[in-house]
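Everything on this sheet refers to the single structure shown next.
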Amino acid sequence: MIISTQNRLSYLRHIAPIIPYVAVLMGLFIFQSAWVSIALYHLGMIIVLWFTRSWYLGQPIKTWHDVIVLIFMIFISFTAGVFIYWLWPLLKLAELLLTTELSDLGLSGLPWLIFIVYYFTVNPILEELFWRGYLGSPSHFVVLNDIWFAGYHVLVLLSFIQAGWIVFSFLILVGTAWLWRQLARRHRGLIIPIASHAAADASIIGAVYLLARLV
3 MIISTQNRLS YLRHIAPIIP YVAVLMGLFI FQSAWVSIAL YHLGMIIVLW FTRSWYLGQP
63 IKTWHDVIVL IFMIFISFTA GVFIYWLWPL LKLAELLLTT ELSDLGLSGL PWLIFIVYYF
123 TVNPILEELF WRGYLGSPSH FVVLNDIWFA GYHVLVLLSF IQAGWIVFSF LILVGTAWLW
183 RQLARRHRGL IIPIASHAAA DASIIGAVYL LARLV
């Protein structure tokens, strides 16, 4: 039986959301390497985006309204790392030694600094193209892919923060995925979601870097 290209693409759309789960499970829990994890994740996204030709960023920023929304979202997103930094004593696992945990994952010295820059520059672009572009939806409500997006982060957080905060983080991430999707829908493009995502990633990874230096 010959499967048409359209059907193959349909199957791919259903399978694609599990890519980060496989990447995190293999990278963090089998190879114990953040680099392996992010490499597998990004390679998987690139293959899907290339195969489906989903590289379109949508409309550029055109109006003052767009600019105001862009600046506002960057500011709001950047507060994520601030909250993590100040709430860290309440969030973290009691037995966690952050510097040791990061080092065990290959995040120390120069590789750690390279990872930080890569994380808040390349990662937001690929994730928005993948989750809000290729896997996007015009729905005004929370959709399954919003939950898929939030869920894989839980696997990462398991080694760092307490269970109650993981549940809270999951709900925040579902809401964030929904918001970025609405921004992509409303502004007909991924520029604002990418900028917002980059601000969030930069502040979060920056907070982790500072917290690790305090130990």
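Each number in this note's numbering comes from the position in the sequence shown (counting from 1) with 2 added on.
Where a beta carbon is used, it is the ideal one built from N, C-alpha and C, also for glycine.
Computed from a prediction, not measured in an experiment: that's the story for all the values here.
Exercise. Would a C-beta distance cut-off of 7 Å place ALA204 and ILE76 closer than the cut-off?
Worked result: no
For this session: On a CA-only basis, which of ASP68, TRP133 and LEU160 is nearest ASP148? Give me that one, please.
Result: TRP133
Exercise. Relative to the C-alpha of GLY153, which residue among ARG15, TYR23 and LEU14 is closest?
Worked result: TYR23
For this session: Pick helix, strand or coil for ILE63, following the three-state DSSP scheme.
Result: coil
Exercise. Run through DSSP, which three-state label would GLY138 get?
Worked result: coil
For this session: Give the C-beta separation of GLY83 and GLY208 to the nearest angstrom, bearing in mind that I take them to be a contact with Cβ-Cβ under 8 Å.
Result: 5 Å
Problem set entry | CB-CB length for ALA214 against LEU100, believed under 8 Å | 5 Å
For this session: Please report how far the alpha carbon of VAL176 lies from the alpha carbon of TYR121, in whole angstroms.
Result: 20 Å
Exercise. Should SER79 be labelled buried (16 or more other beta-carbon atoms within 10 Å of its own) or exposed?
Worked result: buried
Exercise. Does the separation of the CB atoms of LEU159 and MET47 fall below 7 Å?
Worked result: no
For this session: Just confirm the distance between the C-beta atoms of SER56 and GLY135, as a whole number of angstroms; I'd bet it's less than 8 Å.
Result: 5 Å
Exercise. The alpha helix (DSSP H) spanning ARG187 covers which residue range?
Worked result: 165-189
For this session: Taking PRO19 as the reference, give the member of ARG187, LEU104 and LEU146 with the closest Cα.
Result: LEU146
For this session: Could you check the C-alpha separation between LEU27 and SER161 for me, to the nearest Å?
Result: 12 Å
Exercise. For MET3, which residues from the same chain have a beta carbon less than 7 Å from its beta carbon, with the 5 sequence-adjacent residues on both sides left out?
Worked result: The predicted position of MET3 is uncertain, since its pLDDT is 41 and thus under 50; a value taken from the coordinates is nonetheless stated next. Closer than 7 Å at the Cβ level, and outside the excluded window around MET3, lies no residue.
Problem set entry | Beta-carbon proximity check, ALA181 vs ILE194, cutoff 7 Å | The residue you asked about is not Ala; residue 181 is Leu in the sequence shown. Taking 7 Å as the Cβ cut-off, LEU181 and ILE194 do not qualify as a contacting pair.
Exercise. Can you name the start and end residues of the alpha helix (DSSP H) that VAL144 belongs to?
Worked result: VAL144 -> no alpha helix (DSSP H), and no H or E assigned at all.
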